[in-house]
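Report on one structure; see the data block that follows.
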Amino acid sequence: MPVAASVGVLAALWVAVGSAYALVLWVPFLSWALVFGAGAGKLNRVPKEVIGLVGGTVAGVLVVYLLPAFTSVLGGTLALPVLIFIAGTLIVLLELTNWFELAPAYFFSFAGFFAYLFGGFAGEAGMTVSSVLMYVALLVLGTALGIATIFLRKFWLDMMKVPMDQRQTIFDKERG
Numbered sequence: 000m001p002v003a004a005s006v007g008v009l010a011a012l013w014v015a016v017g018s019a020y021a022l023v024l025w026v027p028f029l030s031w032a033l034v035f036g037a038g039a040g041k042l043n044r045v046p047k048e049v050i051g052l053v054g055g056t057v058a059g060v061l062v063v064y065l066l067p068a069f070t071s072v073l074g075g076t077l078a079l080p081v082l083i084f085i086a087g088t089l090i091v092l093l094e095l096t097n098w099f100e101l102a103p104a105y106f107f108s109f110a111g112f113f114a115y116l117f118g119g120f121a122g123e124a125g126m127t128v129s130s131v132l133m134y135v136a137l138l139v140l141g142t143a144l145g146i147a148t149i150f151l152r153k154f155w156l157d158m159m160k161v162p163m164d165q166r167q168t169i170f171d172k173e174r175g
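The sequence shown: position 140 = 139 (numbering that gives the first Met the number 0), numbered continuously.
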């Protein structure tokens, strides 16, 4: 119960602070969840997550930037699907490398970037350096909240003297 309450407190604090500063509230939840979903709550996976989050954002920026040129050559019907094919293929090929292999991070930030930009969350000016940097900063904040969750979980389980063999969640056990 203390672990769940701690996560609830962190989430509530983020929403309170983010609301007070008119920040986009949903973006950090993408990368916070990713710490556990793709990184399995392991701190040694965090650098790969951050690389993937930035890489997915860069891929999104490139798609938006290249879309007019591709549209002039391929037309409006094919341009976006071709760019998405290229981006998706490259992201999956990156799984063959060590440092760039965390494909879910790329896809989370890639898809999230389009929601951020075309959902009107990037501001009136649309895609600017400042709006892209804000998006990446919010993703990094979510990763930091995930790291805080890892430490809070360990703190509470240590305080309650929960044996190591009983600290796994159902998700942990299913991953085997």
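Positions of the beta carbon are idealized from the N, C-alpha and C atoms, including for glycine. Quick caveat, the model's predicted, so the values are computed rather than measured.
Are the CB atoms of SER30 and LEU140 within a distance shorter than 9 Å? Their beta carbons are under 9 Å apart, which means LEU140 touches SER30 by this criterion.
Original post:
Looking only at C-alpha atoms, which of SER129, ASN43, ALA136 and MET158 sits nearest to TRP98?
Top reply: Nearest in C-alpha terms to TRP98, of all of SER129, ASN43, ALA136 and MET158, is ASN43.
Open item on the list: How far does the alpha helix (DSSP H) with PHE125 in it extend, from its first residue to its last?
Closed with: The residue asked about is misnamed: residue 125 is Gly in this sequence, not Phe. Element bounds for GLY125: n/a, residue is neither H nor E.
Original post:
What residues in its chain sit with their C-beta under 6 Å from that of THR70, if we drop five residues either side in the sequence?
Top reply: If the five residues before and after THR70 are omitted, its C-beta is found closer than 6 Å to the C-beta atoms of ALA78, all from its own chain and listed in chain order.
In this structure, how does DSSP classify PHE99 when only helix, strand and coil are distinguished? It is coil, neither helix nor strand.
Assuming LEU101 and GLY51 are in contact, meaning their beta carbons sit under 8 Å apart, how far apart are those beta carbons, in whole angstroms? Under the criterion of beta carbons closer than 8 Å, LEU101 and GLY51 qualify as touching, at roughly 4 Å.
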